[in-house]
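The number in my numbering is simply the position in the sequence shown, starting from 1, with 28 added. Note that the Cβ used here is the ideal one computed from N, Cα and C, for glycine as well. Accompanying notes for the structure given below.
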Amino acid sequence: MRIVLLGAPGSGKGTQGKLLSEKFHIPQISTGDLLRAAVAAETPLGLRAKAAMDAGQLVSDDIVLGMIEERLAQPDAKDGFILDGFPRNIPQAEALDTLLMRIGKPLQVALLMDVDFDLLMQRLTGRRTCESCGQVFNIYTSPSKIDGRCDSCGGNLRHRADDREETISNRLKVYEAQTAPLVDYYQSRGKLKKVEAVGEIADIFNGICKLLDEVIEEEKQRANDMPADVDAIAAAVTKRLSAAKEEKPMKKSAKKKAAAKKKSAVKKKVATKKTVAPKKKATKKKVAKKKVAAKKKAAPKKKAAKKKVAKKKVAAKKKAAPKKKATKKKVAKKKVAAKKKAAPKKKAAKKKVAKKKVAKKKVAAKKKAAPKKKATKKKVAKKKVAKKKVAAKKKAAPKKKAAKKKVAKKKATPRKKTAKKKR
Numbered sequence: 029m030r031i032v033l034l035g036a037p038g039s040g041k042g043t044q045g046k047l048l049s050e051k052f053h054i055p056q057i058s059t060g061d062l063l064r065a066a067v068a069a070e071t072p073l074g075l076r077a078k079a080a081m082d083a084g085q086l087v088s089d090d091i092v093l094g095m096i097e098e099r100l101a102q103p104d105a106k107d108g109f110i111l112d113g114f115p116r117n118i119p120q121a122e123a124l125d126t127l128l129m130r131i132g133k134p135l136q137v138a139l140l141m142d143v144d145f146d147l148l149m150q151r152l153t154g155r156r157t158c159e160s161c162g163q164v165f166n167i168y169t170s171p172s173k174i175d176g177r178c179d180s181c182g183g184n185l186r187h188r189a190d191d192r193e194e195t196i197s198n199r200l201k202v203y204e205a206q207t208a209p210l211v212d213y214y215q216s217r218g219k220l221k222k223v224e225a226v227g228e229i230a231d232i233f234n235g236i237c238k239l240l241d242e243v244i245e246e247e248k249q250r251a252n253d254m255p256a257d258v259d260a261i262a263a264a265v266t267k268r269l270s271a272a273k274e275e276k277p278m279k280k281s282a283k284k285k286a287a288a289k290k291k292s293a294v295k296k297k298v299a300t301k302k303t304v305a306p307k308k309k310a311t312k313k314k315v316a317k318k319k320v321a322a323k324k325k326a327a328p329k330k331k332a333a334k335k336k337v338a339k340k341k342v343a344a345k346k347k348a349a350p351k352k353k354a355t356k357k358k359v360a361k362k363k364v365a366a367k368k369k370a371a372p373k374k375k376a377a378k379k380k381v382a383k384k385k386v387a388k389k390k391v392a393a394k395k396k397a398a399p400k401k402k403a404t405k406k407k408v409a410k411k412k413v414a415k416k417k418v419a420a421k422k423k424a425a426p427k428k429k430a431a432k433k434k435v436a437k438k439k440a441t442p443r444k445k446t447a448k449k450k451r
């Protein structure tokens with residue numbers, strides 16, 4: 029049997045996979061186990077997977093598919109296999125189908141382990157795993173005989189970190205978003221089988237075995253029906269071949285008739301061309317003779333016409349010669365008169381230009397002389413002012429002297445009076 033196990037975390041895929049492996053003597057292949065084994069063995073794919081994990085990246089689908097192909101090539105997988113944990117999405121499922129078809133081991137069954145969400149939470153949160161042998165127990169549904177001890181080897185039972193409630197709820201959400209669409213994918217291909225994975229492990233296993241037995245019976249029935257189908261196909265093929273053989277001679281005869289018609293048509297055309305050819309030659313000869321005669325008749329006429337044209341040209345040249353001379357003389361006279369008229373105008377223009385230049389020079393000289401005149405005028409004005417000041421001083425001098433004398437006299441009179449009084 030070639031089986032893919034589908035189901036949410038805690039649905040019991042691992043437990044039922046082991047039981048199926050024992051029943052059908054085929055390997056249960058977990059992609060997680062494959063990765064760990066390849067990394068430990070340092071195979072080329074294991075080294076690539078280790079590099080991706082060390083870099084904190086997901087291992088690519090190509091690496092996982094390569095590991096699956098290597099595992100399926102081993103002798104214990106010749107009668108079938110049970111894939112657990114792969115594929116997880118539709119692209120992986122498509123890639124897996126391609127791989128299995130290529131190696132000649134197409135998938136037979138996609139087995140869905142269907143469990144209610146609340147029950148999944150109970151199973152996962154109550155799960156305990158043996159540290160020594162990996163045996164799984166559940167404190168709610170299948171507890172160990174001795175609390176915290178494995179029934180098989182006596183090893184310690186531990187509660188894994190990924191079995192805590194928050195981690196489990198996240199895992200279930202991822203499953204619903206990515207893996208659940210695989211149900212529709214395999215159902216559309218007629219490979220999906222669904223089992224209610226609730227109750228005792230043995231009861232669930234018996235239900236799975238019944239479903240797989242049905243699949244085996246269906247495949248046997250298809251195998252028995254195959255010969256009839258093959259015979260029908262072979263009969264249809266022979267009919268088509270015989271019909272094709274009958275059609276070939278019909279097509280050949282039709283082609284021969286068509287070729288014969290074409291040949292006869294071509295021969296008729298050639299015959300008509302041969303009959304028409306001498307007629308064409310005769311007509312060509314007649315046309316050539318007529319052209320020669322016409323050319324001979326036209327030759328003297330052309331010569332006479334040429335002579336007349338030559339005479340007319342000579343006469344026209346003679347008539348045109350005196351006219352040209354007269355016009356040349358007139359043009360020369362006009363030019364002389366124009367030059368005479370232009371001469372006094374040019375002289376007058378030159379005089380005007382000379383006058384303008386003289387006027388400009390006078391203006392420039394005046395501009396240059398203006399500051400000098402101003403400076404001389406200022407000097408003259410200063411001299412006049414100085415002379416006036418001198419004259420004014422001369423006039424004022426006797427007046428001042430007279431005033432001083434008066435003042436002196438006034439001062440002297442009281443002194444005389446005081447002197448008389450003292451006496």
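Closer than 7 Å by C-beta to Y168: which residues in its own chain qualify, once you throw out the five before and the five after it? Chain order, please. Apart from the 5 residues on each side of it in sequence, Y168 sits with its Cβ closer than 7 Å to the Cβ of Q150, G154 in its chain, given in chain order.
Is it right to say T207 is buried, meaning 16 or more other beta carbons lie within 10 angstroms of its own, or is it exposed? When all chains shown are included, T207 counts as buried.
Tell me, to the nearest whole angstrom, how far the beta carbon of G38 is from that of L152; I am working on the premise that it is less than 8 Å. Between L152 and G38 the Cβ distance is about 4 Å, and since that is below 8 Å, they are a contact.
Which of helix, strand or coil does DSSP assign to E247? DSSP places E247 in helix when its eight states are reduced to three.
Spatial neighbours of P171 within its chain, please: C-beta separation below 7 Å, excluding the five flanking residues on both sides. Only residues of its own chain outside the window of five on either side were considered, and among them F165 have a CB closer than 7 Å to the CB of P171, listed in chain order.
Exposed unless 16 or more other CB atoms sit within 10 angstroms - verdict on Q249: By the neighbour-count rule (16 or more Cβ atoms within 10 Å), Q249 is not buried but exposed.
Along the chain, where does the beta strand (DSSP E) containing V202 start, and where does it finish? Segment 193–202 is the alpha helix (DSSP H) holding V202; no beta strand (DSSP E) there.
If I measure Cβ to Cβ from L73 and keep anything under 6 Å in the same chain, skipping five residues before and after, which residues do I get? So the qualifying residues of the chain are A66, I91, G94, M95.
Let's test the definition: count the other Cβ atoms within 10 Å of the Cβ of G40 and tell me whether it reaches 16, buried, or not, exposed. Using a 10 angstroms sphere on the CB of G40, the tally of other CB atoms reaches 16 or more, which defines it as buried.
Measure the beta-carbon distance from F233 to L47 and round it to whole angstroms, keeping in mind my assumption that it falls under 8 Å. Taking a contact as a CB-CB distance under 8 Å, the pair F233 and L47 counts as one, their CB atoms being some 5 Å apart.
Cβ-Cβ distance between E159 and N184 below 9 Å: Less than 9 Å separates the beta-carbon of E159 from that of N184.
Cβ pair count under 8 Å reaching 3, the region 130–137 against the region 75–84: In short, these stretches do not touch, since the Cβ pair count stays below three.
The beta strand (DSSP E) enclosing Q56, as first and last residue numbers: For Q56, the uninterrupted beta strand (DSSP E) segment begins and ends at 56–58.
Separation of V211 from G45, as counted between CA atoms: Rounded to whole angstroms, G45 to V211 spans 18 Å at the Cα level.
Quick check on K46 - is its C-beta less than 9 Å from some C-beta in chain D? In the structure shown, chain D cannot be found, because there is only a single protein chain.
Report the option in P55, N252, S197 whose CA atom is closest to the CA atom of P103. Comparing alpha-carbon positions, the option among P55, N252, S197 lying closest to P103 turns out to be P55.
Quick one: using the 10 Å Cβ neighbour count with 16 as the cut-off for buried, is M129 buried or exposed? Looking at its Cβ environment, which holds fewer than 16 other Cβ atoms inside 10 Å, M129 is exposed.
Assuming contact is defined by CB atoms lying nearer than 9 Å, are E98 and T71 in contact in what I supplied? When the beta-carbon positions are compared, E98 and T71 come within less than 9 Å of each other.
For F114, which option in D61, A189, K51, E50 has the closest C-alpha, if you only look at C-alpha atoms? Ranking D61, A189, K51, E50 by Cα distance to F114 puts D61 first.
Can you tell me which residues form a DSSP beta bridge with G476? Outside the shown range of the chain, which is 29 to 451, sits residue 476, and nothing can be said about it.
DSSP on S216, reduced to helix/strand/coil? S216 falls in the helix class under three-state DSSP.
Mind checking whether V202 and L111 have CB atoms under 9 Å apart? In terms of Cβ geometry, V202 and L111 do not form a close pair [threshold 9 Å].
Evaluate I196 with the Cβ neighbour count: other Cβ atoms within 10 Å of its Cβ, from every protein chain shown; 16 or more gives buried, anything less gives exposed. So I196 counts as buried.
Shortest alpha-carbon distance to R186 belongs to which of Q163, E193, E204, S180? A check of alpha carbon separations from R186 across Q163, E193, E204, S180 identifies Q163 as the nearest.
Work out the CA separation of A121 and K106 for me, nearest whole Å. Here the C-alpha atom of K106 lies approximately 21 Å from the C-alpha atom of A121.
Return helix, strand or coil for P350, following the three-state DSSP convention. Model confidence at P350 stands at a pLDDT of 49, short of 50, so the residue's coordinates are unreliable and nothing is read from them.
Around the C-beta of R156, are 16 or more other C-beta atoms found within 10 angstroms, so that it is buried, or is it exposed? Per the 10 Å Cβ criterion, buried.
From what residue to what residue does the alpha helix (DSSP H) around T43 run? Its alpha helix (DSSP H) spans residues 41–52.
List the endpoints of the continuous beta strand (DSSP E) containing I110. Per DSSP, I110 is one residue of the beta strand (DSSP E) stretching across 109–112.
Got a sec, what are the start and stop residues for the alpha helix (DSSP H) T126 sits in? 118–130 is the extent of the alpha helix (DSSP H) around T126.
Beta-carbon proximity check, M29 vs L240, cutoff 9 Å: Remark: C-beta atoms of M29 and L240 approach each other more closely than 9 Å.
CA-to-CA distance, E228 to G176, given in whole angstroms: A straight-line Cα-Cα distance of about 22 Å links G176 and E228.
Measuring straight from C-alpha to C-alpha, what distance separates A69 and S88? C-alpha separation (whole angstroms): 19 Å.
Among K51, C181, S180, nearest to G19 - alpha-carbon criterion: Limits of the chain in this structure are 29 at one end and 451 at the other, which puts residue 19 out of reach.
Reduced DSSP category for K238 - H, G, I as helix; E, B as strand; rest coil: The answer is helix: DSSP assigns K238 an H, G or I state.
What does the Cβ neighbour count give for A36, buried or exposed, with the cut at 16 atoms within 10 Å? Its Cβ being crowded by 16 or more others within 10 Å, A36 is buried.
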